[in-house]
Amino acid sequence: MLAYIVRRILLIIPTLFGIMLVNFIIVQAAPGGPIEQVIAQIKGQTVEATARVGGTGPGELSNQAPTGPGGAGQSAAASKYRGARGIDPQFIAELEKQYGFDKPPVERFFIMIRNYLKFDFGESFFRGRPVIDLVLEKLPVSISLGLWTTLLIYLISIPLGIAKAVRDGTAFDIWTSVVVIIGYAIPGFLFAILLVVLFAGGTFLDWFPLRGLTSADWGEMSWPDRILDYFWHITLPITALVTGGFAGLTMLTKNSFLAEINKQYVFTARAKGLSERRVLYGHVFRNAMLIVIAGFPSAFISILFTGSLLIEVIFSLDGLGLLGFESALGRDYPVMFGTLYIYTLLGLVLNLVSDLTYIAIDPRIDFATREV
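The sequence shown maps to residues -14 to 357 in my numbering.
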């Protein structure tokens, strides 16, 4: 088993390298990079002042960027960057040096990987802060959403799936299947909008807040009031995420139990006179829950990093999903690649944890006897 774990850890390295390389190539080929973003701000094509070069804002940059008569240097800059016509080519060269684009792409990639191996993710182009600080600042929001959503989905789906398997074909199974189908069919973000309209000051009731994880005066509250305020704020976002995510796990649990209930060892246990509860939870449960429980780490990472983007936008929750989305739109490369590196590394590690969870649930499984 130790040899298998070592092989899997070693396999993480080329996998992580390949993912970063493919994404680096795609991003470099996409138009509208950081320099184009600054040029657009200089020319007044954007309103929000977010660019930073050498600690100055875009308004100050425009004062430093004299326009020349339009020589060969300007033609080269204009051909290289969209919207650069009329801007001093020396200023473009300074921007390239500031953002690291004065080096060839291959050199930039290996510099980035070398720094990432030391967990040095650099500073955001447009936020003026280290990437790791931004991630740590947004992480509590995403962890709150991901942890509570994953726990509630499992607490709802497993008992419901078991009940549906035991009562397969009954009225209970049919009506709960209708609920599951509706939950599967309605996207989480659409249900979130419905909750806002109904309960967050939309058209009907104004019972829940629509912004943030806590109130503005949260620091002045007593601890019981803080806890209540926290759960008051996350009720609607968590409800929207759970409604959009419990259906698949419920059906997986039901089908796993049905597959085990019809096996020979179950009939043998019943023939020995064991109670139905003993058969169900003493024999069937461990085998049926193998695939369900072992998938918990990957399910958590999926909800944490990909499932809550639109929910964060709708409920004004400043988490990792919103950070990544805004960074992709603004071509903030250090934040984009830094978060991608962190997400990918966590995902690969949690895949290994999932395999080890299989072994913890059923010791008969031995991954060491197979090839990685």
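Ideal Cβ placement from N, Cα and C applies to all residues, glycine included.
Exposure of residue i, with buried meaning 16 or more beta-carbon neighbours within 10 Å
| i | result |
| --- | --- |
| residue -9 | exposed |
| residue 245 | buried |
| residue 316 | buried |
| residue 362 | There is simply no residue 362 to check, as the chain begins at -14 and stops at 357 in what is shown. |
| residue 121 | exposed |
| residue 262 | exposed |
| residue 27 | buried |
| residue 190 | exposed |
| residue -6 | exposed |
| residue 104 | exposed |
| residue 22 | buried |
| residue 113 | exposed |
| residue 227 | buried |
| residue 176 | buried |
| residue 207 | exposed |
| residue 307 | buried |
| residue 96 | exposed |
| residue 106 | buried |
| residue 250 | exposed |
| residue 3 | exposed |
| residue 400 | The question about residue 400 has no answer here: the residues shown for the chain are numbered -14 through 357. |
| residue 111 | buried |
Cα-Cα separation, residue i to residue j
| i | j | result |
| --- | --- | --- |
| residue 159 | residue 204 | 48 Å |
| residue 15 | residue 302 | 28 Å |
| residue 171 | residue 138 | 16 Å |
| residue 231 | residue 86 | 46 Å |
| residue 109 | residue 74 | 24 Å |
| residue 211 | residue 199 | 8 Å |
| residue 125 | residue 298 | 16 Å |
| residue 222 | residue -13 | 41 Å |
| residue 155 | residue 164 | 15 Å |
| residue 224 | residue 258 | 43 Å |
| residue 0 | residue 93 | 19 Å |
| residue 369 | residue 271 | No statement about residue 369 is possible, as the shown extent of the chain runs from -14 to 357 and does not include it. |
| residue 331 | residue 129 | 17 Å |
| residue 98 | residue 323 | 10 Å |
| residue 339 | residue 83 | 42 Å |
| residue 38 | residue 304 | For residue 38, the predicted model reports a pLDDT of 40, less than 50, meaning its position is unreliable; a value from the coordinates is still stated below. So the alpha carbons of these two residues sit roughly 25 Å apart. |
| residue 236 | residue 248 | 19 Å |
| residue 240 | residue 150 | 7 Å |
| residue 102 | residue 133 | 31 Å |
| residue 24 | residue 196 | 33 Å |
| residue 312 | residue 321 | 6 Å |
| residue 49 | residue 18 | At residue 49, the pLDDT of 40 sits below 50, so the modelled position is not reliable; the number obtained from the coordinates is stated separately. Approximately 20 Å between the Cα atoms of the pair. |
| residue 7 | residue 89 | 17 Å |
| residue 255 | residue 135 | 34 Å |
| residue 116 | residue 157 | 51 Å |
| residue 186 | residue 173 | 19 Å |
| residue 213 | residue 219 | 10 Å |
Strand pairing of residue i, partner residues [DSSP]
| i | result |
| --- | --- |
| residue 185 | 191 |
| residue 261 | Paired residue(s): none; residue 261 is not in a bridge. |
| residue 108 | 115 |
Endpoints, the alpha helix (DSSP H) within which residue i is located
| i | result |
| --- | --- |
| residue 149 | 116 to 151 |
| residue 80 | 74 to 84 |
| residue 5 | -13 to 14 |
| residue 19 | 19 to 27 |
| residue 171 | Segment: none, residue 171 is in no alpha helix (DSSP H) and carries neither H nor E. |
| residue 272 | 270 to 273 |
| residue 247 | First-last for residue 247: undefined, no H or E at that position. |
| residue 313 | 305 to 315 |
| residue 90 | 90 to 102 |
| residue 198 | Neither: residue 198 is in no alpha helix (DSSP H) and is coded neither H nor E. |
| residue 295 | 294 to 299 |
Integer Cβ distance of residue i from residue j, believed to fall under 8 Å
| i | j | result |
| --- | --- | --- |
| residue 5 | residue 326 | 6 Å |
| residue 142 | residue 265 | So it is not a contact: roughly 17 Å between Cβ atoms. |
| residue 278 | residue 342 | 7 Å |
| residue 184 | residue 217 | Between residue 217 and residue 184 the Cβ distance is about 11 Å, and since that is not below 8 Å, they are no contact. |
| residue 131 | residue 168 | In fact, because the Cβ distance is near 19 Å, the residues do not count as touching under 8 Å. |
| residue 166 | residue 238 | In fact, because the Cβ distance is near 16 Å, the residues do not count as touching under 8 Å. |
| residue 417 | residue 20 | This structure leaves residue 417 out entirely; the chain is present only between -14 and 357. |
| residue 333 | residue -3 | 5 Å |
| residue 161 | residue 145 | 7 Å |
heavy atom of the ligand MN below 7 Å from residue i C-beta
| i | result |
| --- | --- |
| residue 218 | Looking at this structure, you won't find the ligand MN or any other ligand, since it has none at all. |
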